[in-house]
Structure formats: structure tokens, C-alpha cells
Ligand code: AMP
């Protein structure tokens with residue numbers, strides 16, 4: 121069965137897509153936690169970061185490079201932004217398909233809640 125994010129990648133569920141290529145797809149979060157909140161998610165349905173393997177190295181690098189490029193393209197690099205990957209219940213994961221949150225456009229606090 122396809123994951124939610126596979127369905128978005130395949131166009132079966134609508135999303136506001138800001139970038140897509142053969143490895144990943146990036147789209148706006150449906151419930152944004154900052155003025156800019158984008159999810160960068162791989163085509164391959166890796167469930168979560170702690171279950172990625174060395175074979176996924178290129179994908180993982182690509183996700184981060186893509187997040188950085190999107191941040192630059194959207195003008196976030198100068199003021200700053202945050203990337204977040206949630207794993208499991210304590211991490212706050214709700215969708216079991218790996219994704220990098222890209223958050224920006226306001227001052228973010230630390231530590232996170
Ligand atoms: P996480 O809680 O880290 O697993 O992140 C999952 C994210 O997916 C949440 O921020 C949700 O708001 C977001 N989300 C869930 N469904 C959709 C959707 N259909 N389109 C865009 N974002 C979604």
C-alpha cells in the first residue's frame with residue numbers, strides 16, 4: 121500500500137509542490153508551523169531516518185542539499201531557517217514516510233517543545 125507521501129509524489133493527492141525530481145518531492149505542509157513550512161520527502165518510502173541504511177546515503181544527501189537549495193530559492197538563507205526530521209512517537213512523527221521539515225520566515229525558538 122502506498123504511503124501518503126507516495127500518493128502526493130504520484131499526483132493522486134493534491135499538494136502545493138515547490139520542487140520535484142527523480143529522487144525527491146518537496147511540497148508545502150498542510151498545517152504550516154512557520155510562514156514557510158515545506159516537507160522534502162524521498163520517492164523511496166523509507167519509513168523514518170533511523171531505518172535508513174548505507175544504501176540510502178545518496179538519497180539522504182540529496183534531501184538535505186535540496187532543502188538548502190529551496191531555502192536559498194525562497195530567500196530564507198539570509199535570515200535563517202531550520203531543518204527537522206522527526207523519528208517515532210517521542211520525536212513527534214505522524215507520517216511514516218521519511219521527510220525533512222524546512223521551516224523559516226520567523227524567529228524559531230530553542231529548545232523545541
Ligand atoms: P511529522 O509529524 O514529522 O511526521 O510530519 C508530518 C507532516 O505532514 C505534518 O507537519 C503534517 O502537517 C503534514 N501533512 C500531513 N498530511 C499532509 C498533506 N496531505 N499535505 C501536506 N502535508 C501534510
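Residue numbers (the numbering used here): 121 to 233. Every residue, glycine too, gets a C-beta built ideally from N, C-alpha and C. Since the structure is predicted, the reported quantities are computational estimates derived from the model, not experimental observations.
Quiz item: Under three-state DSSP, which class holds residue 222?
Solution: Note: residue 222 maps to strand in three-state DSSP.
Practice problem: Determine, using beta-carbon pairs with one atom in the stretch 186-205 and one in the stretch 215-231, whether at least three such pairs fall under 8 Å. | Solution: Taking one beta carbon from each stretch, the stretch 186-205 and the stretch 215-231 have 3 or more pairs nearer than 8 Å; the two touch.
Quiz item: Any idea if residue 175 is buried or exposed, counting beta-carbon neighbours within 10 angstroms, 16 or more meaning buried?
Solution: Taking every protein chain shown into account, the CB of residue 175 has fewer than 16 other CB atoms within 10 angstroms, so this residue is exposed.
Self-check item: Reference residue 172; option with closest CA among 216, 149 and 156
Solution: Ranking the options by Cα distance to residue 172, first place goes to 216.
Quiz item: Which first and last residues belong to the beta strand (DSSP E) in which residue 157 is found?
Solution: It spans 156-162 - the beta strand (DSSP E) in which residue 157 sits, taken as one unbroken run.
Quiz prompt | Span separating the alpha-carbon of residue 228 from that of residue 142 | solution = Between the C-alpha atoms of residue 228 and residue 142 there is a straight-line separation of about 31 Å.
Quiz item: Name the DSSP beta bridge partners of residue 215, please?
Solution: DSSP output for residue 215 lists no bridge partner at all.
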